[in-house]
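Following: one structure in structure tokens, then a few remarks.
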Amino acid sequence: MSILAVTLIGCGAPAPKEYGGSWAPVNRFQSAATEIPLSPAYTFYASPMDATLRTMLKRWASDNGLQLSYQIGSDFTLHQPVAKVRTNDLQSAMGELSAIYSPQGVSISADGKQILVQATSAAAPATPGPR
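Mapping of the sequence shown onto numbering that gives the first Met the number 0: position 74 corresponds to residue 73, and the numbering continues sequentially without gaps.
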């Protein structure tokens, strides 16, 4: 008797709503192949969350399976010229950063295993910024 009651209650349910608008059928193949990159190219860029040169280079090294060899005794804040660095090429990024930080006496380079930060021989004295 209770099975009959449950069956009758189920039959009394309202019909499903008719949804209009744009929708796409599922389980259909596309008419042409679409490329889906499995390993998109890494973009070297400065994030405001990095805040300092060393932190940014640590992120870059970690993201690319490289070591960071930071051989200077100071860290430097990221400033506006660094925001223009945006490339998929590590060597290009290193060259741009070296040019940006050369007034502070910093040289930045990379080989296939590490990012190397060292002092240049003609290091200019660092001047504190306005507070």
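In this text, a Cβ means the ideal position worked out from N, Cα and C, and glycines have one as well.
With 16 other Cβ atoms within 10 Å as the buried cut-off, status of residue i
i, result
"E95", "buried"
"A82", "exposed"
"L37", "exposed"
Given residue i as reference, the closest of the options once Cα atoms are compared
i, options, result
"Q117", "L77, L89, I71 and G111", "I71"
"D110", "T119, P102, A92 and S101", "A92"
"F43", "L37, M55 and A50", "M55"
"Y69", "F75, R58 and R53", "R53"
"N87", "K112, N63 and I107", "N63"
"A45", "P39, K57, E34 and I35", "K57"
"F75", "V25, N26, T119 and Q103", "Q103"
"Q66", "L115, A14 and P47", "L115"
Helix, strand or coil at residue i according to DSSP, with G and I counted as helix
i, result
"R58", "helix"
"L115", "strand"
"A92", "helix"
"Q66", "strand"
"R27", "coil"
"I99", "helix"
"A123", "With a pLDDT of only 48 at A123, under the threshold of 50, the placement of this residue in the model should not be trusted, and no figure is reported."
"D32", "The residue asked about is misnamed: residue 32 is Ala in this sequence, not Asp. Reduced to three states, the DSSP call for A32 is coil."
"A45", "coil"
Euclidean distance between Cα positions of residue i and residue j
i, j, result
"Q29", "S101", "53 Å"
"K112", "S73", "23 Å"
"S108", "P39", "23 Å"
"I35", "Y41", "15 Å"
"A98", "W59", "18 Å"
"D49", "V105", "18 Å"
"G20", "N26", "19 Å"
"E17", "Q90", "58 Å"
"S61", "P80", "23 Å"
"P13", "P47", "55 Å"
Expected contact under 8 Å - CB spacing of residue i and residue j to nearest Å
i, j, result
"L144", "T119", "The question about residue 144 has no answer here: the residues shown for the chain are numbered 0 through 130."
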